[in-house]
Structure formats: structure tokens, C-alpha cells
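S.K.:
Number of protein chains: 2
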Amino acid sequence: MKINQLSKLTNVLSKTIRYYEDVGLLPKAARNSNGYREYSSSDVDNLIFIRRCRELQIPLGKIKILIQVQADSSSSCSEVDLLIEQQLENVRNTITELSLLEKTLNTLAKSCTNDIVGECEILKNLKQ
Amino acid sequence: MKINQLSKLTNVLSKTIRYYEDVGLLPKAARNSNGYREYSSSDVDNLIFIRRCRELQIPLGKIKILIQVQADSSSSCSEVDLLIEQQLENVRNTITELSLLEKTLNTLAKSCTNDIVGECEILKNLKQ
DNA sequence: CTTGACCTTACTCTTACAGTAAGGTTTATC
DNA sequence: GATAAACCTTACTGTAAGAGTAAGGTCAAG
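Going line by line, the protein sequences match chains A and B.
Start counting the first sequence at 1; every next residue gets the next number (full-length UniProt numbering).
Start counting the second sequence at 1; every next residue gets the next number (full-length UniProt numbering).
1. Please compile the residues from chain A whose C-beta is within a distance smaller than 8 Å of the C-beta of D45/B.
2. Any contact of the region 44–57 of chain B with the region 16–35 of chain B, i.e. 3+ C-beta pairs under 8 Å?
3. If you measure beta-carbon to beta-carbon, which residues of the region 82–111 of chain B are closer than 7 Å to chain A?
4. Specify the secondary structure class of S7/B as computed by DSSP and reduced to three states.
5. Could you check if L82/A is buried or exposed, using at least 16 other CB atoms within 10 Å of its CB as the buried criterion?
6. By how many angstroms is the C-alpha of Y36/A removed from the C-alpha of K127/B?
7. Should A109/B go down as buried or exposed, given a rule of 16 or more other Cβ atoms within 10 Å for buried?
8. Where E89/A and I84/B are concerned, what is the direct C-alpha to C-alpha distance, given to the nearest angstrom?
9. Grouping DSSP H, G and I as helix and E and B as strand, with all else coil, what is A29/B?
10. Can you name, in chain order, every residue of its own chain whose Cβ lies under 8 Å from the Cβ of L25/A, other than the five neighbours on each side?
11. Report yes if the CB atom of L6/A is closer than 8 Å to the CB atom of Y39/A, and no otherwise.
12. Spell out whether any CB of chain B is found under 8 Å from the CB atom of residue 129/A.
13. Starting from the beta carbon of L9/B, find every residue of chain A whose beta carbon is closer than 8 Å, and list them in chain order.
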């Protein structure tokens, strides 16, 4: 199939598919006589895997590692476990930070009862 | 004062101070005879304001607006209120998304009881 | 007089793509 | 057969908010 069909099957833009190939996340695509990229069903699987990882906010560099690890199906999957664990940690840390931020912003948003910039409590707070 | 002292007073790297000047967030600094930037206490205030906004994850473009609004102290501060409100909304939305993500990752992390990549439930899940 | 600390500009790198240009190919329509 | 629409190609630029590095000028202390 051609790139546009792969795109539709996986819900990943053609542009992005080419980009993944460029950065070595996907193998160099086969080309047919006119130079167009030619894909098979295994490419669909690879791309869905990548998309799922991206949905989990796993960065491309780590997805690369996950792909490499799968190459040897008899190796230990401790690296996979660790990577997901770290990703979970990252997400939790970010949530904690953002929750603090939300508190601060919420307090700030409620602080201003005036209507004139010169008296704005928000701006005063920001100058703390 | 010179840039390094401003940096220490505000806890903003010299590099970053120059960058803020480049992108028009700070006015062009005065220069003394040797070409070094020369700052005053009002620069300290401006920079602290910017830093506070950045701590609240407000993007530079919006900080620019906040600075402009302050120029006319008699104008309405509704724009300020709105901007903070939107920022609060952004943060809340991000928290919601990340919480869903955390759930998924947590389930995923617990799913694998094997030790071999070929049997790894995490990887199987990612291929869903 | 030289060393180290400080200052300058300018260029590259980061992440994960999106946008655009400029051009070649294929397919459908008239 | 001509042409237009839809698709493909590479290559370059832009995004956010700086951080890193290079190459060089300046200033105070020993």
C-alpha cells in the first residue's frame, strides 16, 4: 500500500510517517518503480505500536528502545517494565507540580475585585 | 548594575535575560562605554514579574501582553483576569489528561508478570 | 603580564512534528 | 488527448523557551 493508505489505517499523518522513517523509528521503506514508498501490514502494526506509545507520551527516543528490545524475543523485559515505571513516575510528578500551580492560579484568579489595572490585585501579586 | 548582578538578584540566568531582550520582553538595555549592558532597579522589578509569570507557566507571548496592559494604569484589568482564567483552564485540562494517562500507565505497569520479552504483557498491550 | 572572571555576538541544539515550496506521477474527467 | 485533481517526492523553515558552545573583547588582582 502507499503512504496515504497507511496513514488512514493508522491515523498517523503521512508527513509524520516520513519523519519517523527519517529519525530511524521506522525502517527505510521499500520503494516501487516510481519512487513511491510501499508498505505492508507489518508496517501497520509497527506504526500502531508507535502511536500507542506516543499516546502515553513516551518520547521517540524511548520508543526506539522499546522497538529494539522486542527484536530479541527471548531477552528479559525488565527494561520495558522500568521504562513504563519511569514514564508513570514522570506523569505523577507533573501532576503534582500542576496541582500546586492550579492552587496558586486559582487564588490569584479570585484575588482581583477591582476593574482598573492600576489597582489590579493579580498584577500586584505577580510583582510580589 | 551589570547583567551578572541582575541575574543574581532575580535568579534568572544572564543568558535568559539577553534572550528576553532579544524577543522584546525586556526593553533594549542601556549600554555603558565598553558596550556592557547597564541595569537599574526597575529592571529588577520587571524581571521578577516575568519570572513569576513563567513560574505559573504563562507563555512569553502572554507575558508580553500583561506588560503592555500595565503601561496604561487606568485601563480595565479584564484582560488580565481573562488571561489568568485561561491559564487556570489550561492547567486544569492538562491535569485531567494526565490523570487519565496515569491510570492507563498504572494498569499497564502492573500487567506484566513474565520476564521474557516474547511474553511481555506490556508490549502486547501496546500493540493492542 | 598574565590569569580568571566577566562581558559581547552569533550560531547550533533540543522535541515532535507542521507548514510551505517546487516539482514529479497517476487517475479521473471532458 | 488535454487537463485538472489527487497524490507522491525532497528540502527547507518554523515552533517554545531557552541551553550549549565558540570566538573574541574587557577588567581587576596578583
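Ideal placement from N, C-alpha and C gives every residue a C-beta, glycine not left out.
On a predicted model such as this, the values are computed, not experimentally measured, just so you know.
M.R.: On the basis of the supplied data:
1. K127
2. yes
3. I84, E85, Q87, L88, V91, R92, T94, I95, L98, S99, L101, E102, T104, L105, N106, L108, A109
4. helix
5. exposed
6. 27 Å
7. buried
8. 29 Å
9. coil
10. I50, L60, I63, K64, I67
11. yes
12. The requested residue 129/A is not part of the displayed model; chain A covers only 1 to 128.
13. Ordered by position in chain A, no residue passes the 8 Å Cβ test against L9/B, which lies about 14 Å from the chain.
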